[in-house]
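Residue numbering for the sequence shown follows my numbering, beginning at 6 and increasing consecutively. See structure below.
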Amino acid sequence: MENNIMMSVDMDEWYHCRWATGSPYAHWPDTTSFFKSYYKKDKPMGEIIPLTEAILEIFTEFNITATFFFTGEVAFHYPQLVRTVSANGHEIASHNYVHKDYNLENPKAFRANLHKSKVLLEDLSSSRVIGYRAPNLTVSPYMIEALLEEGFLYDSSVVPTRAFMGKYGNFINAPRNPYILDLNDLAREGNSGLWEFPLPVFPVLRLPSGSGITSRICGYYYTVISLQCALKQGDTVYYFHPYEIGPRPNLPFKNPYTMLFLRNIGQPYLKMLKKLCALFRGRFISGKMLYEKLTGNKLP
6 MENNIMMSVD
16 MDEWYHCRWA
26 TGSPYAHWPD
36 TTSFFKSYYK
46 KDKPMGEIIP
56 LTEAILEIFT
66 EFNITATFFF
76 TGEVAFHYPQ
86 LVRTVSANGH
96 EIASHNYVHK
106 DYNLENPKAF
116 RANLHKSKVL
126 LEDLSSSRVI
136 GYRAPNLTVS
146 PYMIEALLEE
156 GFLYDSSVVP
166 TRAFMGKYGN
176 FINAPRNPYI
186 LDLNDLAREG
196 NSGLWEFPLP
206 VFPVLRLPSG
216 SGITSRICGY
226 YYTVISLQCA
236 LKQGDTVYYF
246 HPYEIGPRPN
256 LPFKNPYTML
266 FLRNIGQPYL
276 KMLKKLCALF
286 RGRFISGKML
296 YEKLTGNKLP
């Protein structure tokens, strides 16, 4: 059986990133403060809508069924967008409710936001939500039990690499292809019943890969090599954000981190994304499809 790439889109906007609103050291304390400061309004401007529509067209062109990991906040502001993505045959999954570092939260707060996002997304999509990806890929072992109790079947947050700038965790020894998690250790196989679909890493060096930002910073061939090596061993994952194919945000400040974050955003990445879709055409599937393939269980 041919190995596949789980194609996924993280449905958060550029202002959700760690340097803007998504971490303790962010420029704005939360999105409400950002809206008032940047947009001079109390809600977002809808930038994600045409970008998502463009992504749906790309996926139609290349016959790709993908997973869209929605934050509850984005779903709240744009409920019709969730319905549109679902109506186009793609899987709706959870990116929690608020896009922030949940490894710093207590289990009760994490569970409350997780539940809130799942209920909202299931209501809007009229389908069961079985997949989860942690905002900023920040995870803690306590999340495994919470995900199971909320009825999730898979997570896709682990990167088998070293911790870097508060991200990824120390998962250098984690499996590089899908595995069932140990109940107390995200980096170890076990029998918890929750599947982990890890992101790929660059071979030998085990540097993070398989994402829009690593593609934009490290280049097209860095991504191709990472995906090809991962596919030789088993199934793997790729993800990106709608804002990565959009116009460059006009930031009120600049620093080396933001300039790196915005590298090759817009048309350069859009061309790269289409090249990847063409190169690996026929290999992309959704998280739900990958789960069904691995378990042999057909879900409704």
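The beta-carbon is built from N, C-alpha and C at its ideal position, and this holds for glycine as well.
Identity of the residue in Leu-304, Thr-57, Ile-218 and Leu-56 nearest Leu-142 by Cα: Nearest option by C-alpha distance: Ile-218.
Where the beta strand (DSSP E) containing Phe-74 begins and where it ends: Looking at the DSSP string, the run of the beta strand (DSSP E) that includes Phe-74 is 72-75.
Distance between Val-206 and Tyr-225 (C-alpha atoms, nearest Å): The alpha-carbon atoms of Tyr-225 and Val-206 are separated by roughly 14 Å.
Residue range of the unbroken alpha helix (DSSP H) whose run includes Asp-47: No alpha helix (DSSP H) contains Asp-47, which DSSP labels as neither H nor E.
Beta-carbon gap between Tyr-296 and Tyr-159 smaller than 8 Å: Closer than 8 Å, so yes.
Neighbourhood of Lys-279 by C-beta distance below 7 Å, restricted to the same chain and skipping five residues each side: Sequence-distant Cβ neighbours of Lys-279 in its own chain, meaning closer than 7 Å and more than five residues away, are Ile-63.
Candidates Tyr-173, Pro-257 and Lys-303: closest to Ser-214 by CA position: The shortest CA-to-CA distance from Ser-214 to any of Tyr-173, Pro-257 and Lys-303 is the one to Tyr-173.
Cβ shell of Gly-239 (< 6 Å), same chain only, five flanking positions each side left out: Answer for Gly-239: Asn-8 and Asn-182, listed in chain order.
Assigned secondary structure, Met-6 (DSSP; H/G/I helix, E/B strand, else coil): In this structure, DSSP gives Met-6 a state outside helix and strand, which the three-state scheme calls coil.
Integer-rounded CB distance, given that Met-11 should sit under 8 Å from Thr-72: Contact check for Thr-72 and Met-11: beta-carbon distance about 7 Å, within the 8 Å limit, so the pair qualifies.
Close Cβ partners of Ile-185 (< 8 Å) along its chain, the five nearest in sequence each way excluded: Contacts found: Glu-194, Gly-195, Asn-196, Ser-197, Gly-198, Leu-199, Trp-200 and Glu-201.
Beta-carbon spacing of Ile-270, Ala-59 below 8 Å: Note that the C-beta distance between Ile-270 and Ala-59 is not below 8 Å.
Rounded Cβ spacing between Ser-216 and Thr-70 (contact assumed at less than 8 Å): Taking C-beta atoms under 8 Å as the contact rule, Ser-216 and Thr-70 fail to qualify, at a distance of about 19 Å.
Per-residue DSSP class, three states only, for Gly-271: Residue state, collapsed to three classes: coil.
Ile-222 versus Ser-162, His-21, Thr-263 and Leu-188, residue with shortest Cα-Cα distance: Considering only Ser-162, His-21, Thr-263 and Leu-188, the residue with the shortest C-alpha distance to Ile-222 is Thr-263.
Contact check, Pro-49 vs His-100, beta carbons under 8 Å: Not in contact: Pro-49 and His-100 (Cβ atoms no closer than 8 Å).
Contact belief for Pro-112 with Ala-139 at Cβ below 8 Å, rounded distance in angstroms: Going by Cβ atoms, the distance from Pro-112 to Ala-139 rounds to 14 Å, so no, they are not a contact pair.
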